[in-house]
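Have a look at the structure below, then the notes.
Number of protein chains: 2
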Amino acid sequence: MIEVLIADDHTLFAEGVSQALAAIPDLHVAGTASGGMELVEMAKKTRADVLLIDLEMPDLSGFEVLEKLKGSLPAIIVTMHADAHRRSQAVEAGARGFLSKSTPLPELAAAVRAVSAGENLTSLTTTLREILDNYMEPTLDPGAASLTARERELLTLLGEGVSATEELAERLYISPKTVKNHLASIYEKLSISDRTQAAVEAIRLGLVPNR
Amino acid sequence: MIEVLIADDHTLFAEGVSQALAAIPDLHVAGTASGGMELVEMAKKTRADVLLIDLEMPDLSGFEVLEKLKGSLPAIIVTMHADAHRRSQAVEAGARGFLSKSTPLPELAAAVRAVSAGENLTSLTTTLREILDNYMEPTLDPGAASLTARERELLTLLGEGVSATEELAERLYISPKTVKNHLASIYEKLSISDRTQAAVEAIRLGLVPNR
DNA sequence: AGGGAAATAGGCCGCTCGACCTATAGTAAA
DNA sequence: TTTACTATAGGTCGAGCGGCCTATTTCCCT
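In order, the protein sequences belong to chains A and B.
Mapping to our numbering: the first sequence position 25 is 25, numbers consecutive.
Take the position in the second sequence, starting the count at 1, then add 1000; the result is the number in our numbering.
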């Protein structure tokens, strides 16, 4: 069982990731922190194997947390803005991994396992994918697995850019009301709240062909 | 936005490169110098991220400029005569990159981004191409080319699943009204009509990193 | 000096979206 | 057969979205 600590000032995100990771058998969330300071404290008190740290935090940024911990615990930086500049900064600060917040959950899980096993995901000698593949579990995306066939159809259309209720209804030969019902169901299962996020998910889940 | 300073005694070349770089959304030319002395002056006064320096200049050669700046700013040497001898001299003088004047513009842009991000293009451990590929701008679609830097930022966020006006505003440190203005502009330029389609486009255009 | 583009901010309005709820028919499993 | 789940359809309602305007400031280019 790998113990994970999560730090993100966006509480909803931290909670979400926590929930998602909790659903993975070999991972356990030891705690979540809403800021850098809190994380540093928790890291001392809790027996953790890997840290997931948001870069953008008001009190202590991800970089500063890395400085404070001085590599006592392996850490993966998770950020909204995964650009090359932040990446190299993170690497220099001692991060063992650098991931975007849009990273698919299985990849995040794989990254946690890899780092916990001593891998360094920031070294450029090997492709990130090559390493992660070794730690990939054939874990289905929790939400996507529970989607019904019809919901998947709808989600696929969204991922293709069909966004208007009326058009979705026509494509599926159903009433606009039914479209909205299916959408609501999708939102709940995937823990999202609108079509835009649904479209992003559709693509991320690989539902959209021809890409 | 990466600020670039250009130095070349061939004013036409300096101007040309300046024009060309100005057309690239994430790069901005902070100024052009027609000689080494002038560049050193500008480097002090201007807030620049990367220097592009011609080797052959009448007053101060590229090497001498590097000596004077002593690595205070990362610099890429650009020369008519890219031979091994000059290369090793440049490396010893502290250049972070060494390119021929016949380098294609996209590669030059990639090199600027790479150096700005802290890469050293002169180390022989990795192929230059391997590094540059990571900084290559995704070839942009006709519509996307007309997007401004700010619009692109917004679009990228959408592609990451950030859909609420309020949250987009917070992420960009602007008013929700301005977010809607940018969105309207994006819709028009890409011939789309809502955020969902915008998110799909963002991903299709490769604006969303790490996938 | 003057013109244009970009980024910022705001107002107004109609309509759609998403949340919550009920309801029926069909199907598959218990 | 009863119990679930799915697909279908409908209603209401408030908040948010997109369309269309104006306006200011700051640049850059001419």
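Quick reminder that beta carbons are idealized off the backbone N, C-alpha and C, glycines included.
- In terms of Cα proximity to A109 (chain A), the closest of A:V91, A:I186 and A:V78 is A:V78.
- If you draw a straight line from the Cα of S1191 (chain B) to the Cα of L205 (chain A), it comes to about 26 Å.
- The Cβ atoms of T196 (chain A) and K180 (chain A) do not sit closer than 8 Å to each other.
- DSSP lists B:I1076 as the bridge partner or partners of G1097 (chain B).
- G1062 (chain B) carries a helical assignment under DSSP once its states are collapsed to helix, strand and coil.
- For V208 (chain A), no beta strand (DSSP E) run applies, since DSSP gives it neither H nor E.
- Boundaries around H182 (chain A) are those of the alpha helix (DSSP H), P176 to L190, since no beta strand (DSSP E) includes it.
- For D194 (chain A), the nearest beta carbon of chain B is closer than 8 Å to its own beta carbon.
- For the 8 Å CB-CB criterion, A202 (chain A) and G161 (chain A) do not form a contact.
- Closer than 8 Å to the CB of S1163 (chain B) there is at least one CB belonging to chain A.
- Per DSSP, the unbroken beta strand (DSSP E) holding T1032 (chain B) starts and ends at L1027 to A1033.
- Inclusion of G1094 (chain B) and G1071 (chain B) in the CB contact set at 8 Å is warranted, their separation being smaller than that value.
- Excluding residues up to 5 positions away in sequence, G1036 and M1037 lie with their Cβ nearer than 6 Å to the Cβ of L1060 (chain B) in the same chain.
- In the DSSP assignment, E1170 (chain B) falls within the alpha helix (DSSP H) that extends over T1165 to L1172.
- With fewer than 16 other Cβ atoms inside 10 Å of its own Cβ, G118 (chain A) counts as exposed.
- The residues D1009, G1035 and G1036, in chain order, have a CB closer than 6 Å to that of M1057 (chain B) in the same chain once the five nearest residues on each side in sequence are set aside.
- When the Cα atoms are used, V200 (chain A) and E151 (chain A) turn out to be separated by approximately 15 Å.
- The straight-line gap separating the alpha-carbon atoms of E170 (chain A) and E1107 (chain B) is approximately 47 Å.
- The beta-carbon distance between V1091 (chain B) and L1052 (chain B), rounded to whole angstroms, is 16 Å. This is too long to meet the 8 Å contact definition.
- Assignment of A1111 (chain B) by DSSP, reduced to helix, strand and coil, places it in the helix class.
- Not one beta carbon of chain A lies nearer than 8 Å to the beta carbon of S1191 (chain B).
- Between the alpha carbons of D1049 (chain B) and T148 (chain A) lies a gap of roughly 52 Å.
- When DSSP states are grouped into helix, strand and coil, E1160 (chain B) belongs to the coil group.
- Close to K101 (chain A), with beta-carbon spacing below 8 Å, are these residues of chain B in chain order: E1160.
- By the Cβ-count criterion, T32 (chain A) is buried, with 16 or more other Cβ atoms from all chains shown falling within 10 Å of its own Cβ.
- Among the residues facing chain B, V200 (chain A) is included, as its CB has a counterpart in that chain under 8 Å away.
- Using a Cβ-Cβ cut-off of 8 Å, I1076 (chain B) does not count as an interface residue toward chain A, since no Cβ of chain A sits closer than that to its own.
- Ranked by how close their Cα comes to the Cα of I1076 (chain B), the residues B:L1168, B:N1120, B:S1185 and B:R1047 have B:N1120 in first place.
- Remark: C-beta atoms of A1114 (chain B) and D1054 (chain B) do not approach each other more closely than 8 Å.
- Cβ-Cβ distances below 7 Å link S193 (chain A) to Y187 in the same chain, with the five nearest sequence neighbours on each side left out; the list follows chain order.
- The beta carbon of M80 (chain A) sits closer than 8 Å to some beta carbon of chain B.
- Under the Cβ criterion of 8 Å, S1116 (chain B) is counted among the residues facing chain A.
- Classified as exposed, K177 (chain A) has fewer than 16 neighbouring CB atoms from the shown chains inside 10 Å of its CB.
- At the C-beta level, A111 (chain A) and L99 (chain A) come within 8 Å of one another.
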